[in-house]
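Protein chains in written order, with our numbering: chain A, 6 to 119; chain B, 4 to 118.
Glycine included, each C-beta is placed from N, C-alpha and C at the ideal position.
In this text the structure is predicted, and so the values were computed from the model without any measurement.
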């Protein structure tokens, strides 16, 4: 069964460093998403991406964040200068269609900023 | 504004008990979708069900059933004859048709099923 994959599973970085979180969505999906979950809290939407551009972003997704689909398979989230409060689990998701179709999530990357 | 409320933070049951997880949503849209996801201790998010706003039929899948009532803006989830493997955090989520599919999650309900 096709699945979303994410690497690395755990990333530890120092405050102020740049990190890139990588995702490989399900191959025939067209809509891609990043969410984050601070430990013990709810899952929060960060950004959606379709047709090589951002379709929507949340207030959390400020200028420190960027997304890219550098090739036909990868989808990345970059945080330019990490802060302590960026520590969270980051989930990538993909969907065959937008507008309410089910999203399939990757296993997540746990980001720890020290 | 769109919002999902899961008032039950934690529920603890003994195996074989039935348990219902509550979900109440708010949206001004007439076309929207509701979801349930399971997050087991391993941390991944597992899709369970999707319902659109025009389909109020209840759904049953094995031991799982869902009750969607537009009149009360609720989408409740019942597990019949619970098992230890059902222990997880369960999230209800809302997506509006015109917003590109972003999911708005509730706070989650942590279900603990004891043997």
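Checklist entry - Which one or two residues does DSSP pair with residue 15 of chain A in a beta bridge? => result A:115
Checklist entry - chain A partners of residue 98 of chain B, CB-CB under 7 Å? => result 105
Checklist entry - Of all Cβ atoms in chain A, is any one closer than 8 Å to the Cβ of residue 82 of chain B? => result No - not a single Cβ of chain A is within 8 Å of the one on residue 82 of chain B.
Item to check | Nearest to residue 48 of chain A (by Cα), restricted to the options B:108, B:47, B:44 and B:91 | outcome: B:108
Next on the checklist: Taking only three categories from DSSP, how would you classify residue 35 of chain A?
Outcome noted: coil
Item to check | Between the CA atoms of residue 59 of chain A and residue 53 of chain B - distance to the nearest angstrom | outcome: 24 Å
Checklist entry - How many angstroms separate the CA atom of residue 81 of chain B from the CA atom of residue 86 of chain A? => result Straight-line Cα distance between these residues: approximately 44 Å.
Checklist entry - Whole-angstrom Cβ separation of residue 62 of chain A and residue 23 of chain A, contact assumed at under 8 Å? => result Actually they do not touch by this definition, with Cβ atoms about 19 Å apart.
Next on the checklist: Output needed in chain order: residues of the segment 52-78 of chain B with a Cβ under 8 Å from some Cβ in chain A.
Outcome noted: 53 and 55
Next on the checklist: In chain order, what are the residue ranges of uninterrupted beta strand (DSSP E) at least 3 long that sit wholly in the segment 5-70 of chain B?
Outcome noted: Here the runs fully enclosed are 6-8, 13-17, 22-24, 27-29, 35-42, 49-55 and 62-64.
Checklist entry - For residue 83 of chain B, does the three-state DSSP call read helix, strand or coil? => result coil
Checklist entry - If you compare alpha carbons, which of B:99, B:97, B:89 and B:93 is closest to residue 117 of chain B? => result B:89
Next on the checklist: Quick check: residue 102 of chain A and residue 36 of chain A, are their CB atoms within less than 8 Å of each other?
Outcome noted: It is a contact, given that the beta carbons lie within the stated cut-off.
Item to check | Partners in chain A for residue 106 of chain B, counting only beta-carbon separations shorter than 7 Å | outcome: 50 and 108
Next on the checklist: I'd like to check one pair, residue 74 of chain A with residue 94 of chain A: are the Cβ atoms closer than 8 Å?
Outcome noted: no
Checklist entry - Whose Cβ in chain A lies nearer than 7 Å to the Cβ of residue 13 of chain B? => result Within 7 Å Cβ-Cβ: nothing; residue 13 of chain B doesn't reach chain A, min ~12 Å.
Next on the checklist: On a Cα-Cα basis, can you pick out the residue from A:46, A:72, A:16 and A:78 that is closest to residue 8 of chain A?
Outcome noted: A:78
Checklist entry - Since residue 96 of chain A is in the beta strand (DSSP E), which residue starts that stretch and which ends it? => result Residues 93-100.
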